[in-house]
Amino acid sequence: MELLKQRILADGAVRPGNILKVDSFLNHQLDVALLDRMGEAFFEHFKAQNITRILTVEASGIAIAMAAGRFFGVPVVFAKKSQSKNLDGELYTAPVKSFTHGTINTIVVEKRFLTGADRVLIVDDFLATGNAQRGLLALCSQAGASVAGIGIAIEKGFQGGGDALRREGYDVYSLAIVEKMTDDSLTFRT
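Quick note on the numbering used here: the sequence shown kicks off at 1 and runs consecutively.
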């Protein structure tokens, strides 16, 4: 998606440790018009897949998933990164190591929000090594839900997570794939 690539080049910043900072428009402050275009792009790619539910993980994936959910007209479910008092049903759980934070969280979804009848589109802001996506896939597997695809805003192609998921047969559709990133530049996959 050329619009997203241009925005990354104009307003993104590379930080040490392969961190791409896009907080001015994607995961802290939100550019709603850009999110809307991203949701539409996911819809155009996956519209023939009979999606019944969109699944993401809190927190940065929620806005992107909501934009996609509006186009699909389906519920958006987000896996919570911790259990809380307002989770009162049976749960699906999966461990996820955060690339950015370097921590392991147990993500949870109440069983009533993800079922074997669902065709799920997984949506997230970043894909690096694929840990978050694998956690979401594990939740879908526990539920017996089928995964119709994985929609990613920004994939760090040089970290291999997306390519590994594609080799396993998943339809991974990334709006921008960063092929190479250094302290002063980045290159997109064409």
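From the three backbone atoms N, C-alpha and C, an ideal C-beta is built for every residue, glycine too. Given the structure is predicted, the values throughout are model-derived calculations rather than measurements.
Exercise for review: Determine contact between the stretch 145-154 and the stretch 89-97, defined as no fewer than three beta-carbon pairs at a distance below 8 Å.
Suggested key: no
**Study point:** Residue closest to V123, alpha-carbon to alpha-carbon, out of E155, A117, N105
**Key:** E155
Check your understanding: Should G135 and V96 be called a contact, given that it needs their Cβ atoms to be closer than 8 Å?
Key -> yes
Exercise for review: Could you tell me the distance, in whole angstroms, from the CA atom of A63 to the CA atom of T129?
Suggested key: 21 Å
Check your understanding: How big is the Cα-Cα spacing for D88 and M181?
Key -> 43 Å
**Study point:** Local Cβ density within 10 Å of L9, reported as buried at 16 or more and exposed below that
**Key:** exposed
Point to revise | Range covered by the beta strand (DSSP E) that runs through N105 | key: 104-110
Review point. Is it right to say T115 is buried, meaning 16 or more other beta carbons lie within 10 angstroms of its own, or is it exposed?
Key: exposed
Review point. Does the distance from the C-beta atom of S174 to that of G162 stay below 8 Å?
Key: yes
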